[in-house]
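**Q** Just passing along the structure, written as structure tokens.
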Amino acid sequence: MAAAAKLTRNLSRQLSSGAARIWRQLSLEPHTPRRGVGAAAAAGAVAGPTRFGIARQSSLDPTPAAADVAMLAVPDNLDATMRLLFAACQGDVGGVEELLREGVDVDSIDLDGRTALHIASCEGQGEVVRLLLAWKANINARDRWGSTPALDAKHYGHFEVYNLLRARGAILPKSKKTPMVVSNPKEVPEYELNPLELEFRRGEEVTKGYYIAKWYGSKVFVKILDKESFSDCDSIDSFKHELTLLEKARHPNLVQFVGAVTQNVPLMIVSEYHQNGDLASYLETKGRLQSYKAIRFALDIARGLNYLHECKPEPIIHGDLSPKNIVRDDEGTLKVAGFGSFGLIKVSEDKLRMARPVSKFDSVYVAPEIYRNETFDRSVDTFAFGLILYEMIEGTPAFHPKPPEEAAKMICLEGLRPLFKNKPKSYPEDVKELIQECWDTTPSVRPTFSDIIERLNKIYASCSKQTRWRDNFKLPWKQAAHR
4 MAAAAKLTRN LSRQLSSGAA RIWRQLSLEP HTPRRGVGAA AAAGAVAGPT RFGIARQSSL
64 DPTPAAADVA MLAVPDNLDA TMRLLFAACQ GDVGGVEELL REGVDVDSID LDGRTALHIA
124 SCEGQGEVVR LLLAWKANIN ARDRWGSTPA LDAKHYGHFE VYNLLRARGA ILPKSKKTPM
184 VVSNPKEVPE YELNPLELEF RRGEEVTKGY YIAKWYGSKV FVKILDKESF SDCDSIDSFK
244 HELTLLEKAR HPNLVQFVGA VTQNVPLMIV SEYHQNGDLA SYLETKGRLQ SYKAIRFALD
304 IARGLNYLHE CKPEPIIHGD LSPKNIVRDD EGTLKVAGFG SFGLIKVSED KLRMARPVSK
364 FDSVYVAPEI YRNETFDRSV DTFAFGLILY EMIEGTPAFH PKPPEEAAKM ICLEGLRPLF
424 KNKPKSYPED VKELIQECWD TTPSVRPTFS DIIERLNKIY ASCSKQTRWR DNFKLPWKQA
484 AHR
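Residue numbers (our numbering): 4 to 486.
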């Protein structure tokens with residue numbers, strides 16, 4: 004423990020002389036995890052990795068180090084990792100070795116993913132580098148910016164250390180700066196997340212490119228831009244477009260945006276996760292819904308889309324609305340997801356076109372204009388809404404059991420519409436009329452969502468009255484069964 008005491012004394016001297024200072028991170032600083040303060044924290048325990056800021060920073064860190072004052076963000080009591088990094092920074096070979104013999108992991112990291120080998124390489128501490136390599140330190144460890152010890156040594160001009168690392172097999176990674184990286188740290192977006200805050204597990208991929216992760220104990224939904232798309236300008240533009248829309252769209256019936264990773268690779272978009280699943284799974288299990296529930300769900304969807312369509316200065320058109328892009332929260336409320344995932348090109352004041360024509364459609368909810376790669380307006384979402392409402396009151400998708408590709412062709416190219424198979428008394432006649440208007444071939448005939456909400460509210464009020472009347476006159480044993 005002599006090394007620990009010595010390190011603490013050395014740090015105290017630097018603090019008193021002004022060579023370093025400790026400060027508390029701002030609770031809303033985008034680069035700092037917002038960790039809760041519990042009993043352990045109050046007792047001085049360390050909840051997780053801390054940022055080591057007393058040495059030179061990563062060669063790929065977009066945030067420049069202060070020219071006059073080095074800073075160190077640490078708790079009141081230095082933990083083992085911080086003592087190791089401090090010893091490596093000071094070139095204290097004996098202190099590093101003693102800590103390693105005490106069981107400190109040679110590859111332990113700070114908040115930014117930096118190891119003792121990173122720190123020693125930045126500072127040109129050759130003897131410490133040799134010792135760490137002798138203890139099997141990961142010579143190609145990468146910090147949160149993708150930098151390695153060899154890159155850091157080269158960046159700071161410590162060529163003796165650089166040559167040593169290269170001779171031991173260090174690999175120089177290619178530059179991984181993202182297309183959205185900013186040179187001025189003040190320009191880093193407020194939504195920026197540290198990728199180290201996201202915990203991924205194997206087997207948590209929902210579909211290609213979409214994952215479930217944990218962010219401070221809460222599950223979140225993560226979209227990751229794959230390596231192939233990273234070099235594709237259209238994919239990057241689409242990513243930026245989706246991010247812009249998610250950032251400004253806030254409504255109870257929309258999936259909420261959590262944050263994004265844009266200053267590191269891979270690029271990620273993080274949104275709230277709902278474990279109850281999507282509407283498609285719910286309908287597959289439940290089948291046809293009671294009228295009042297179908298109308299309540301329809302109102303949730305319509306309210307979310309009405310908000311998107313009324314956004315200023317430009318409306319947000321979903322373009323890919325389907326039950327799979329609608330999720331249920333813990334209270335059973337529906338939330339629209341997936342908006343902004345398609346790149347759109349504005350053709351005129353109220354007309355758009357797909358940035359990339361879709362060659363194959365596997366969705367029965369697509370509007371004819373999109374299917375034929377024509378210009379379209381916000382009414383394409385109304386068209387999809389009509390087919391979703393039909394599915395909720397009928398219990399099956401349009402033209403089931405035909406494959407979605409064939410059903411989409413029948414709807415969009417042949418102008419066919421599915422039959423209403425359930426008896427008219429199963430749902431109000433007004434619902435059928437609304438659906439038929441929504442899926443009309445002529446876009447101008449389709450109602451706006453503000454109109455849809457007004458009509459659905461009247462229908463829902465009528466359904467609620469009928470439901471209360473039936474419940475009041477239901478036989479006791481049927482009431483029990485209904486509950």
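Even glycine gets a Cβ: it sits at the ideal position worked out from N, Cα and C. Keep in mind that this is a model prediction, so the values were computed, not measured.
Under the DSSP definition of a beta bridge, which residues are partnered with VAL339?
**A** Partner(s): LEU257, ILE329.
**Q** Locate the alpha helix (DSSP H) running through VAL99, then write down its first and last residues.
**A** From DSSP, the alpha helix (DSSP H) with VAL99 extends over 96-104.
**Q** Among the residues of its own chain, which have a CB less than 8 Å from the CB of LYS354, if the five just before and after it don't count?
**A** THR378, PHE379, ASP380, listed in sequence order.
**Q** Using 7 Å as the cut-off, classify the Cβ of LYS157 as near or not near the heavy atoms of the ligand SAM, replying yes or no.
**A** Absence of the ligand SAM from the depicted structure is noted, as is the absence of any ligand whatsoever, leaving it without description.
**Q** Where do the N-terminal and C-terminal ends of the alpha helix (DSSP H) with PHE1 fall, by residue?
**A** Because residue 1 is not part of the residues shown, which for the chain are 4 to 486, the question remains open.
**Q** Leaving aside the five residues before and after CYS415 along the sequence, list all residues of the same chain whose C-beta is less than 6 Å from its C-beta, in chain order.
**A** Contacts found: PRO371, TYR374.
**Q** Using only alpha-carbon positions, find the residue among GLY116, GLU130, TRP442, THR336 that is nearest to ASP384.
**A** Taking only the C-alpha atoms, the option nearest ASP384 is TRP442.
**Q** Could you please give the first and the last residue of the uninterrupted beta strand (DSSP E) stretch that includes ARG356?
**A** Counting along the chain, the beta strand (DSSP E) containing ARG356 begins and ends at 355-357.
**Q** Grab me the residues of GLY129's own chain with a C-beta within less than 7 Å of its C-beta, minus the 5 sequence neighbours each way, in chain order.
**A** Same-chain partners within the cutoff: GLU163, VAL164, LEU167.
**Q** Suppose only complete runs of 4+ residues qualify. What are the alpha helix (DSSP H) ranges in the region 364-445, listed by chain order?
**A** 371-374, 382-397, 407-415, 432-441, all fully within the region 364-445.
**Q** Would you call the region 238-253 and the region 328-348 in contact, with 3 or more CB pairs under 8 Å?
**A** The region 238-253, when compared against the region 328-348, does touch it at the 8 Å Cβ threshold.
**Q** Between TRP138 and MET357, what straight-line distance do the alpha-carbon atoms span, to the nearest angstrom?
**A** So the two alpha carbons sit approximately 56 Å from each other.
**Q** Using the DSSP secondary-structure output, state which residues sit across from TYR493 in a beta bridge.
**A** With the chain covering 4 to 486 only, the question about residue 493 has no answer from this structure.
**Q** Contact between the region 388-405 and the region 286-294 is defined here as three or more beta-carbon pairs at a separation below 8 Å; is this criterion met?
**A** With the cut-off at 8 Å, the region 388-405 and the region 286-294 touch.
**Q** Taking DSSP as the reference, what is the three-state secondary structure of MET85?
**A** Here MET85 sits in helix by DSSP.
**Q** Closest to CYS466 by CA distance: which of SER429, LEU324, THR445 is it?
**A** CYS466 has its Cα closest to that of SER429, out of SER429, LEU324, THR445.
**Q** Grab the span of the beta strand (DSSP E) containing LEU347 for me, first residue to last.
**A** Its beta strand (DSSP E) spans residues 347-349.
**Q** Count the other C-beta atoms from every protein chain shown that fall within 10 angstroms of the C-beta of VAL223, then say buried if there are 16 or more, exposed otherwise.
**A** It counts as buried.
**Q** Rounded to whole angstroms, what is the Cα-Cα separation between ASP110 and VAL209?
**A** Rounded to the nearest angstrom, the two C-alpha atoms are 32 Å apart.
**Q** I'd like to know whether the C-beta atoms of ILE215 and GLU207 end up nearer to each other than 8 Å.
**A** Yes. Within cutoff.
**Q** Quick one: Cα of GLY280 to Cα of LEU324, how far?
**A** Distance between the alpha carbons of GLY280 and LEU324: 16 Å.
**Q** Just to confirm the assignment, what range does the alpha helix (DSSP H) spanning LYS239 have?
**A** Looking at the sequence shown, residue 239 is not Lys but Ile. Note, ILE239: alpha helix (DSSP H), 236-251.
**Q** Within this structure, are the beta carbons of PHE242 and LEU196 separated by less than 8 Å?
**A** Not closer than 8 Å, so no.
**Q** Can you round the beta-carbon distance between ASP146 and GLY116 to whole angstroms, since I take them to be within the 8 Å contact cut?
**A** Indeed, because the Cβ distance is near 4 Å, the residues count as touching under 8 Å.
**Q** Between the C-alpha atoms of LEU390 and PRO326, what's the straight-line distance to the nearest angstrom?
**A** Approximately 10 Å between the Cα atoms of the pair.
**Q** Give me the Cα-Cα distance between ASP332 and PHE260, rounded to the nearest whole angstrom.
**A** In a straight line, the C-alpha of ASP332 is about 15 Å away from that of PHE260.
**Q** With a threshold of 6 Å on Cβ separation, who are the neighbours of ALA144 within its own chain once the five nearest residues in sequence on each side are excluded?
**A** Cβ neighbours of ALA144 beyond the five flanking positions: THR118.
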